[in-house]
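Take 143 as the starting number for the sequence shown in the working numbering and just add one per residue.
Everything below concerns the one structure shown next.
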Amino acid sequence: MSIAVIGAGKWGSALFHAFSENNECVISSRTPREMPNFVSLDEALECEYLVCTIPTQATNLWLKQNYKNKGQKILVASKGIDTANLKFLNEIYEDFVDRENLAFLSGPTFAKEIMQKLPCALVVNSKNQNLALKFASFFPSYMKAYTSDDVIGAEVCGAYKNVIAIAGGICDGLGLGNNARASLISRGLVEMARFGKFFGAKDETFMGLSGAGDLFLTASSILSRNYRVGLGIARHERLEKILNELGEVAEGVDTARAISKIAKEKGIYVPIASEVENMLNGKDVFESVKSLLGRR
């Protein structure tokens, strides 16, 4: 099949190598790369199937400036909420692409391990079941792809788990122990589900790969960019310094702010996300811990 991956960062490159196992696949990005099958954006957009790994905060502008709707089928492999308009990625893409041509990737997957061809499982989410099955068929044998129609559930899980991952990094950076981390992650799952159910997400999504699976992975591993942000916050480092040294996009930073704004507008109880935002804005980490422990 003719597949183009848009975005040649670590995640885009990992997906490109995975899809190239059994398919004709090209890759493109804003910055030219010395790698096999790298093509111009115009050439990539001529492919029937697109896999988009564009950072969430840049997605709306990229679509406005570059995308021409020719009936392409798109698998969105980014995660997060746009802070400018408080939209989920599916809402942003649906302004440019027919819903029947959209699918969204979720589940516990680190780019480094995909490049090593280590086994994993993930979920292709779409309102078009045939499209979900089609994209699922592109994955190599070491990546088990399930399908679901709970797009909003997958969107909430993919965005929210990055916020809890920052909290997980802070927890471990402060040396609060295994009990504290387990408590944080489990309550983070409850909070994530509460937020998602407000928007109509399904309960089972939060207990599966998109929810618990991705959350457990991201909130407890040094391979997670957002977890590493939390480690830096625990060391009282400036956020700007942490992000510069990271050299990659940590979507949880902007997502924490977006979730807090949405929660205030909608009246949703999100204590962990609120405290993560407070710490990103400079609140003392131990004061945030006290605030969380002191809640009724």
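For each residue, glycine too, the CB sits at the ideal point set by N, CA and C.
The ligand ZN heavy atom lying under 7 Å from the CB of residue i
| i | result |
| --- | --- |
| Ala-343 | Questions concerning the ligand ZN fall outside what the structure shown contains, since it holds no ligand whatsoever. |
Residue i - partner residues in DSSP beta bridges
| i | result |
| --- | --- |
| Lys-248 | Looking at the sequence provided, one finds Ser at residue 248 rather than Lys. Ser-248 is bridged to Val-265. |
| Leu-217 | Val-193, Ala-245 |
| Asp-224 | Lys-229 |
Three-state secondary structure assigned by DSSP to residue i
| i | result |
| --- | --- |
| Met-334 | helix |
| Phe-341 | coil |
| Gly-317 | coil |
| Asn-211 | coil |
| Phe-348 | helix |
| Leu-326 | helix |
| Lys-443 | With the chain covering only 143 through 438, there is no way to say anything about residue 443. |
Contact check, residue i vs residue j, beta carbons under 8 Å
| i | j | result |
| --- | --- | --- |
| Thr-360 | Ser-366 | yes |
| Cys-189 | Val-218 | no |
| Met-371 | Gly-394 | In the sequence as displayed, the identity of residue 371 is Val instead of Met. In this structure, Gly-394 lies closer than 8 Å to Val-371 by Cβ. |
| Ser-170 | Ala-200 | no |
| Asp-224 | Asn-202 | yes |
| Ile-308 | Ala-376 | no |
| Pro-256 | Ala-156 | Reading the sequence as shown, one finds Ile at residue 256 and not Pro. Yes, they are a contact pair. |
| Gly-424 | Leu-373 | no |
| Ile-414 | Leu-434 | yes |
| Glu-166 | Ser-182 | no |
| Thr-198 | Leu-247 | no |
| Ala-274 | Thr-289 | yes |
| Gly-249 | Asp-184 | no |
| Gly-300 | Tyr-369 | no |
Original post:
Enumerated in chain order, which unbroken segments of the alpha helix (DSSP H) with a length of 4 residues or greater are wholly contained in the segment 353–435?
Top reply: Correct list: 356–360, 367–376, 381–388, 393–408, 413–422, 427–435.
Discussion item. At 3 residues or longer, what runs of the beta strand (DSSP E) sit wholly inside the segment 262–311?
Written reply: Counting only runs of 3 or more, we get 262–267, 285–290.
_Please give me, in chain order, every unbroken run of the alpha helix (DSSP H) with length at least 4 that falls completely inside the segment 143–206._
You should have 152–161, 183–186.
Touch check for the segment 288–297 and the segment 319–334: three-plus C-beta pairs under 8 Å? Output reads no: the segment 319–334 does not touch the segment 288–297.
Cβ contact check for the segment 277–290 and the segment 152–169: 3 or more pairs under 8 Å: Touching, yes.
Contact the segment 326–336 vs the segment 262–277: 3+ CB pairs below 8 Å = Result no; under three Cβ-Cβ pairs closer than 8 Å.
Count the CB pairs spanning the segment 298–306 and the segment 377–395 that are closer than 8 Å, and state whether there are at least three. The count of Cβ pairs closer than 8 Å, one atom from the segment 298–306 and one from the segment 377–395, reaches three, so the stretches are in contact.
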